[in-house]
Amino acid sequence: CSVFAGLAQAPEDPILGVTVAFNKDPSPNKVNLGVGAYRTEEGKPLVLNVVRRAEQMLVNDPTRYKEYLPITGLADFNKLSAKLIFGADSPAIQENRVATVQCLSGTGSLRVGGEFLGRHYHERTIYIPQPTWGNHVKVFALSGLTVKTYRYYDPATRGLDLKGFLEDLSSAPTGAIVLLHACAHNPTGVDPTIDEWEQIRQLMRSKSMLPFFDSAYQGFASGNLDKDAQSVRMFVADGGELLMAQSYAKNMGLYGERVGALSIVCGSADVAGRVESQLKLVTRPMISSPPLHGASIVATILKDSEMYHEWTVELKAMADRIISMRQQLFDALKARGTPGDWSHIIKQIGMFTFTGLTSEQVAFMRQEYHIYMTSDGRISMAGLNAKNVNQLADAIHAAVT
Ligand code: PMP
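Here it is in structure tokens:
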């Protein structure tokens, strides 16, 4: 008997549950394309060399202690993170208009930003793309915001539904918060072009909407950190305000270290100071202060030009391997004469391909081919390699024919 005896069994998380099912499968040929975590050509997780090197330096430095960080986190980390996403020459940084706090990776940054808006922003509705990363809905709802969606993806073209996107923003209330994926949209792999971003920006600014950028893949989309930040920088360049949630999970491979930052670009340095003071009131009762180790790794790398360069090379290698897997999968389907247009595999960007496979086809591939992916047909390209790409192509071929 238990005081919790009446408790219902909760469902598995739709993304992490894929790994749970994968781990239970005894097949030696199983392939996990569910969770968005990078794998090497050998199918192994990767710790970047530059990260290992930074960790060695930290461990060997006898002057380093394990003291608490301030509520806002590691000051160097915060400054360098803002510089990384907004650019070294960003007017907002130069004018001291950015309040940055260290958070628990991308998720924690979204959560702290959401909570701040729920407490202090006048319009408590946030518009998120349809579809989006599944956790967005729950994170923002728990922050006290009303979550609504805007059209984003057109299944017919497997591309952007710009018209629907703009229409939905046009009919949303003035001042509404709009969540935007900075690059490598998850799960669709579909990003607006620069010209499309410009249209989105103009509409949002004309309606005084507040952009909340989620940047979980800077550098992972194109292999270039600045290119992947272009969308964000357009919104900073116009002088307007915005929120930015940054994650180092993917681009530095620091998944489990939970390293991220929330930056709020404000209209003036004075406002930024008050915003920071309020962010401390959000963080303190949630986690008291953020963890030291991961932020120290990031700061060590970002502040040393040689280590920073090594990082960009390793990051580009990860991005390039994913881009090459797109081509290999596309070629493998073409070689099999698989019916349908699969060009979206090479057109889409970032870690994922939104295949267009139905949940029935996904279940079939799991059953017959031991290939695991989320039921919306999203595959993590980072889990593919020369050895399993043919198995995936065989499975897709069988599923659609
Ligand atoms: N946003 C998006 C769009 C993501 O894909 C992810 C990771 N899957 C995150 C945020 C958060 O990741 P983390 O908390 O691990 O940084």
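Residue numbers (the UniProt record's numbering): 55 to 455. Even glycine gets a Cβ: it sits at the ideal position worked out from N, Cα and C.
A distance below 9 Å separates the beta carbons of E177 and T228. The DSSP-derived three-state label of R432 is strand.
Across the structure, V232 and Y206 are spaced so that their CA atoms are roughly 12 Å apart. Contact annotation: E311 and S159 have beta-carbon atoms nearer than 9 Å. Between K133 and T161, the gap from beta carbon to beta carbon reaches 9 Å or more.
DSSP places Y204 in the uninterrupted beta strand (DSSP E) bounded by 200-205.
Only residues of its own chain outside the window of five on either side were considered, and among them A153 have a CB closer than 8 Å to the CB of G327, listed in chain order. In this structure, the C-beta of H190 approaches ligand 1 to less than 8 Å from one of its heavy atoms. If one requires a minimum length of 4 residues, the alpha helix (DSSP H) runs lying completely within the region 168-223 are 189-196, in chain order. Comparing C-alpha distances from E364 to each of N442, N86, R107 shows the shortest one belongs to R107.
Checking the DSSP bridge columns, you'll see A153 partnered with I318. In this structure the region 394-414 lies against the region 262-276, because at least three pairs of beta carbons, one per stretch, are closer than 8 Å. Proximity of the beta carbon of G160 to ligand 1 is indicated: a heavy atom of the ligand is located closer than 8 Å. Of the residues assessed, I182 falls on the buried side of the cut-off, its CB having 16 or more other CB atoms within 10 angstroms. Within the same chain, Cβ atoms closer than 8 Å to the Cβ of L333 are found at T126, A153, V155, V166, F170, L316, I318, the five residues on either side in sequence being excluded.
Going by C-alpha positions, G293 is about 39 Å away from G431. Taking C-alpha positions only, G307 is separated from Q421 by approximately 31 Å. Taking C-beta atoms as the reference points, L128 and A353 count as a pair closer than 9 Å. Burial state of Y204 is buried, judged by a 10 Å Cβ sphere holding 16 or more other Cβ atoms. With a threshold of 16 other beta carbon atoms within 10 Å, H190 meets it and is buried.
Under the DSSP assignment, S135 falls outside any beta strand (DSSP E), being part of the alpha helix (DSSP H) whose first and last residues are 129-140.
Annotated as proximal: A270 and A303, with beta-carbon spacing under 9 Å.
Here the alpha carbon of I433 sits roughly 11 Å from the alpha carbon of A91. Not a single heavy atom of ligand 1 lies less than 8 Å from the C-beta of T203.
L112: member of the alpha helix (DSSP H) spanning 103-114, first to last residue.
For F384, the uninterrupted alpha helix (DSSP H) segment begins and ends at 359-390. Residues of the same chain with a CB within less than 7 Å of the CB of G394, apart from the 5 flanking positions on each side, are V454 in chain order.
In this structure, the beta-carbon distance from T211 to I180 does not fall below 9 Å. Look at the region 267-326 and you find these whole runs of alpha helix (DSSP H), each 4 residues long or longer: 284-291.
The beta carbon of N444 sits closer than 8 Å to the beta carbons of A386 from its chain, once the five residues preceding and following it are set aside; these are given in chain order.
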